[in-house]
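Engineer: Before we start, here is the structure in question, set down as structure tokens.
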């Protein structure tokens, strides 16, 4: 009898804990911005900046071509101390669209004054093609009221990362001869 009660109690506790992990106590303050879910479901907004698309060619493209994104600054001001972080975003009127189709998570490499990721690369005459267009895979769970939980499918190694919102072109970037500019939400994993 005692074992049955303890088993029932354990099942109730487990379901409460499991349900709590997919539901947030608070909602993101702003729409279409990515937040880190910290301890006790506290939301912390990621660093928001522009991601500029860059194309590089060697010898007019005959020796190779690469395409990627750059972010200003050597490192993000938003530092996360776990390799398995969860994120949240509030989106409304998705009309049957999966948020993973509009958001891409990329790992960036540090440069002198910027961070860079390569999404596609080809060698001489188009040979040795390499593509990272989809970035790091993320799973998406709907929480409530248009809030979605974003979970990277694998642990994130220390380094620089950013979510790019490919449905949200930035109005501040661009210029003559510049490629498209998208809104990015950057963070650093320690």
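Residue numbers (the numbering used here): 2 to 191. Here a beta-carbon is modelled for each residue, glycine too, at the ideal position from N, C-alpha and C.
Drop a sphere of 10 angstroms on the beta-carbon of residue 110, count the other beta-carbons inside from all chains shown, and report buried for 16 or more, exposed for fewer.
Structural biologist: Residue 110 should be labelled exposed.
Engineer: Anyone know if the C-beta pair for residue 92 and residue 149 falls short of 8 Å?
Structural biologist: Cβ distance < 8 Å, so residue 92 and residue 149 count as in contact.
Engineer: State whether the stretch 139–148 contacts the stretch 69–78, with contact taken as three or more CB pairs (one from each stretch) at a distance under 8 Å.
Structural biologist: Cβ pair count under 8 Å is below three, so no.
Engineer: Within 10 Å of its beta-carbon, does residue 27 have 16 or more other beta-carbons around it, so buried, or fewer, so exposed?
Structural biologist: Classification for residue 27: exposed.
Engineer: Can you tell me whether residue 41 is helix, strand or coil according to DSSP?
Structural biologist: In this structure, residue 41 counts as helix in the three-state DSSP scheme.
Engineer: From residue 180 to residue 90, what distance separates their C-alpha atoms?
Structural biologist: Answer to the nearest angstrom: the Cα atoms are 26 Å apart.
Engineer: Going by C-alpha to C-alpha distance, which of 81, 68, 49 sits closest to residue 55?
Structural biologist: Residue 55 has its Cα closest to that of 68, out of 81, 68, 49.
Engineer: Buried or exposed, going by whether 16 or more other CB atoms sit within 10 Å of the CB of residue 35?
Structural biologist: It counts as buried.
Engineer: Would residue 112 and residue 65 qualify as a contact pair, given that the criterion is a beta-carbon distance under 8 Å?
Structural biologist: Cβ distance not < 8 Å, so residue 112 and residue 65 don't count as in contact.
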